[in-house]
């Protein structure tokens, strides 16, 4: 593209620009011989294939093939035209440009971006002036004071106030500049009613947070209501040529150097969370602004640090956001840790009440995400029955499957089985097998309940085969003890019919249920023959095995309780459980 800047000035800008420093604004580079290496910012990768040569002043990715000089890099990474790259680098290098510099063939999109930047800057100044207005900004200042934010942090973030009027910004901008109504609508600052020429301010009666890109250009705004009646509580700019939510992290422009220095980033949810941390001197913090973490945001973080520490709210929404964030961050090769705050607290309130040092202590002691997930799983489990173990296993397997490193994955599996006190070899074998196959859950026939389920199925088959056989079995066994819901329902119905003096006919049983699983079992067992030599012995053996299984399960549960009671010093309780175990062993012996 031809522009009116002499070649010798372009060459001077090139000579005085450190390509490593420029690229380092976007990529975490490490020295590798004469060159520097890092993760490519133009495609997703976990192993660095992006190289920068300070000697040759070029970059190249051996993964996706992109490459070029410092001008090309900025054009690609910032989606800006060559003239703007020259202008930005000239300012950075301290090279004066000719006064008559112009670009008659500038990209129309680039001109639109520049117009939006100027409009956003003008709007920011207007919002700031309203906040400082002695009368008009009083309610907003009182609100911010009640949230304990000082004047210095408000100025640093250029916090403002949108008056509760319909056309305040609109009128101000039109009086002060030649901006068109169309440009105002495109900026997202003004809303135009559908099928109408009526326009009005988007932000009204809200504290305003300017949202910036990596280079501190204002690209959008967030607005927070100051009363309970203000709904929604938070309102953001729509996406524009400058502002894409999926690529933006609040505070990243200020935090990026600290994140590089610490080689870790603290990830929070809200504007106030991020600002509170910075006000207390904790700089390496960014916020997702209440939206789910995206792959592009994770990519930005990975190009600045190797570890991400999630500090989300402790409510269900916060836990869900943490799990989703773990998935995305892990996919981009980050080490993921988590800090769980006390219930009802967020980073804003916790830092304000407890102070920076206690918060930083929590950051230093942050657990790896998987360890925290396992701890929560164990804590939430109601008991240690086989069903509980299978349920927990089916919750941990999908999380472990996301870890690609097999050694790390096996280590977390071992940690899970240790914390859940699972020592059943068969169950552990099935867990390892499922993990090696990347199965997200244990199937019925791959867990320790399989022998019991087979036995229950055989018992139901016997019950359906003959009324006398059914009576003999149901006299010894309570259907409530069945573990499979469908088989339990069939056994309960059969006992009810026997108690009512009715015959057991499968076609009639089919009429009594709409459950497809139960219907499937009834029709299949009805067509399969029951083979046994001696009915009495078969019944006796099946009943004995069924009872033994439940007794052994109870032994495991009581043994676990006894061990825990002994460890915690509850000796009397431990002796009680020992006596119960002795009774059960005595029953098994007979």
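In my numbering, the protein residues as written are 23 to 612. Ideal Cβ placement from N, Cα and C applies to all residues, glycine included.
- Within the segment 206-237, ranges of the alpha helix (DSSP H) (whole runs, at least 4 residues): none
Contact under 9 Å by Cβ, residue 486 with residue 547:
In the chain shown, the residue the question calls residue 486 occupies position 464. In the chain shown, the residue the question calls residue 547 occupies position 525. The answer is yes: Cβ separation under 9 Å.
**Request:** Could you have a look at residue 431 and say whether DSSP puts it in helix, strand or coil?
**Result:** Along the chain shown, read from residue 1 onward, the residue named residue 431 stands at position 409. If DSSP states are grouped into helix, strand and coil, residue 431 belongs with the helices.
Original post:
With C-beta atoms as the reference, is residue 44 less than 9 Å away from residue 95?
Top reply: The sequence position of residue 44 within the chain shown is 22, counting from 1. The sequence position of residue 95 within the chain shown is 73, counting from 1. Going by C-beta atoms, residue 44 is nearer than 9 Å to residue 95.
Original post:
Can you tell me where the alpha helix (DSSP H) with residue 72 in it begins and where it stops?
Top reply: For this step, residue 72 is matched to residue 50 along the chain shown. That residue, residue 72, is in no alpha helix (DSSP H); its beta strand (DSSP E) goes 72-75.
query: Of the residues 306, 341, 316, which one's Cα is nearest the Cα of residue 328?
result: Your numbering for residue 328 matches position 306 in the chain shown. Of 306, 341, 316, the residue nearest in Cα terms is 306.
**Message:** Distance check for residue 33 and residue 120, CA to CA, integer angstroms please.
**Reply:** To locate residue 120, count along the chain shown from 1; it is residue 98. To locate residue 33, count along the chain shown from 1; it is residue 11. When rounded, the distance between both Cα atoms is 14 Å.
Legend entry - Burial state of residue 235, where buried means 16 or more other Cβ atoms lie within 10 Å: In the chain shown, counting from the first residue as 1, residue 235 sits at position 213. Buried is the label assigned to residue 235, since at least 16 other Cβ atoms lie within 10 Å of its Cβ.
> Do you know offhand how far residue 414's Cα is from residue 499's?
Replying inline: In the chain shown, counting from the first residue as 1, residue 414 sits at position 392. In the chain shown, counting from the first residue as 1, residue 499 sits at position 477. C-alpha separation (whole angstroms): 28 Å.
task = Label residue 342 either buried or exposed according to how many other C-beta atoms from any shown protein chain fall within 10 Å of its C-beta, with 16 as the threshold for buried.
result = Counting from 1 along the chain shown, the entry for residue 342 is found at position 320. Around the beta carbon of residue 342, fewer than 16 other beta carbons lie within 10 angstroms, which makes this residue exposed.
- request: Report all residues from its chain with a CB closer than 6 Å to the CB of residue 127; omit the five preceding and five following residues, and keep chain order.
  value: For the purposes of this step, residue 127 is taken as the residue at position 105 of the chain shown. Reliability fails at residue 127, whose pLDDT of 48 lies under 50, so the model's placement of it is uncertain and no value is given.
Q. Are the segment 101-115 and the segment 52-71 touching by the rule of at least three beta carbon pairs closer than 8 Å?
A. no
Original post:
Taking DSSP as the reference, what is the three-state secondary structure of residue 50?
Top reply: As a working note, residue 50 is residue 28 in the chain shown. Residue state, collapsed to three classes: coil.
Examine the Cβ distances between the segment 591-607 and the segment 525-539 and report whether three or more of them are shorter than 8 Å. no
Outcome for residue 466 when other beta-carbon atoms lying within 10 angstroms are tallied against a minimum of 16:
Taking the first residue of the chain shown as 1, we reach residue 466 at position 444. Note that residue 466 scores 44 on pLDDT, short of 50, meaning its location in the model is unreliable; the coordinates nonetheless yield the value given after this. Exposed: under 16 other Cβ atoms inside 10 Å.
**Report entry** N- and C-terminal bounds of the alpha helix (DSSP H) containing residue 104
**Finding:** Residue 104 sits at position 82 when you count from the first residue of the chain shown. Residues 104-115.
Quick one: grab the DSSP three-state call for residue 127. For the purposes of this step, residue 127 is taken as residue 105 along the chain shown, with counting starting at 1. Residue placement at residue 127 cannot be trusted, given a pLDDT of 48 that sits under 50; what the coordinates show is reported in the next sentence. Correct three-state label for residue 127: coil.
**Report entry** Separation of residue 585 from residue 596, as counted between CA atoms
**Finding:** The residue given as residue 596 occupies position 574 in the chain shown. The residue given as residue 585 occupies position 563 in the chain shown. Answer to the nearest angstrom: the Cα atoms are 7 Å apart.
Would residue 291 and residue 349 qualify as a contact pair, given that the criterion is a beta-carbon distance under 9 Å? Indexing the chain shown from 1 puts residue 291 at position 269. Indexing the chain shown from 1 puts residue 349 at position 327. For residue 291 and residue 349, no; Cβs fall outside 9 Å.
**Asked** What is the DSSP secondary structure of residue 246, counted as helix, strand or coil?
**Response** Locating residue 246 in the chain shown gives position 224, counting from the first residue. Residue state, collapsed to three classes: strand.
In angstroms, rounded to a whole number, what distance separates the CA positions of residue 481 and residue 541? To locate residue 481, count along the chain shown from 1; it is residue 459. To locate residue 541, count along the chain shown from 1; it is residue 519. For residue 481 and residue 541, the distance between alpha carbons rounds to 17 Å.
Worksheet item: How would you label residue 335, buried or exposed, when you count the other beta carbons within 10 angstroms and need 16 or more for buried?
Response: The count along the chain shown starts at 1 and reaches residue 335 at position 313. Counting Cβ neighbours within 10 Å, residue 335 comes out buried, since at least 16 surround it.
Exercise. Can you grab the Cα-Cα spacing for the pair residue 37 / residue 205, in whole Å?
Key: The residue labelled residue 37 in the question sits at position 15 within the chain shown. The residue labelled residue 205 in the question sits at position 183 within the chain shown. Those two C-alpha atoms are separated by around 38 Å.
(Q) Quick test of the definition: if touching needs 3 or more C-beta pairs under 8 Å, does the segment 154-162 touch the segment 270-290? (A) no
Pick out whichever of 410, 75, 460 has its Cα sitting closest to the Cα of residue 432.
-> Walking along the chain shown from the start, residue 432 turns up at place 410. Looking at the Cα atoms, 460 is the closest of the given residues.
*Evaluate residue 319 with the Cβ neighbour count: other Cβ atoms within 10 Å of its Cβ, from every protein chain shown; 16 or more gives buried, anything less gives exposed.*
Numbered from its first residue, the chain shown carries residue 319 at position 297. Burial call: buried.
**Report entry** For residue 390 and residue 357, the rounded distance between their alpha carbons
**Finding:** By one-based count along the chain shown, residue 357 stands at place 335. By one-based count along the chain shown, residue 390 stands at place 368. Spanning the two alpha carbons is a distance of roughly 8 Å.
For the segment 291-304 against the segment 175-186, are there 3 or more C-beta pairs whose distance is under 8 Å?
yes
Original post:
Between 479, 594, 582, 392, which lies nearest to residue 564 when the distance is taken from Cα to Cα?
Top reply: Taking the first residue of the chain shown as position 1, residue 564 is located at position 542. That would be 479, whose Cα lies nearest to the Cα of residue 564.
Item to complete: Report buried or exposed for residue 549, applying the criterion of at least 16 other Cβ atoms within 10 angstroms of its Cβ.
Response: Locating residue 549 in the chain shown gives position 527, where the first residue counts as 1. Result: exposed.
- How big is the Cα-Cα spacing for residue 364 and residue 400? Locating residue 364 in the chain shown gives position 342, where the first residue counts as 1. Locating residue 400 in the chain shown gives position 378, where the first residue counts as 1. Roughly 18 Å between the two C-alpha positions.
TODO: Please classify residue 257: does DSSP put it in a helix, a strand, or coil?
DONE: Numbered from 1 along the chain shown, position 235 holds the residue referred to as residue 257. In this structure, residue 257 counts as strand in the three-state DSSP scheme.
- request: Decide if the segment 243-250 is in contact with the segment 258-266; the criterion is three or more beta carbon pairs, one per stretch, under 8 Å apart.
  value: With the cut-off at 8 Å, the segment 243-250 and the segment 258-266 touch.
Give the single residue among 521, 544, 484 whose Cα lies nearest to the Cα of residue 511.
For the purposes of this step, residue 511 is taken as residue 489 along the chain shown, with counting starting at 1. Nearest C-alpha to residue 511: 544.
Margin query: Is the separation between the beta-carbon of residue 310 and that of residue 272 shorter than 9 Å?
Written below: Position 288 of the chain shown holds residue 310. Position 250 of the chain shown holds residue 272. Yes, they are a contact pair.
What is the C-beta distance between residue 189 and residue 222, in whole angstroms, given that I count them as a contact (C-beta under 8 Å)? Indexing the chain shown from 1 puts residue 189 at position 167. Indexing the chain shown from 1 puts residue 222 at position 200. The pair is a contact, with the Cβ atoms about 6 Å apart (cut-off 8 Å).
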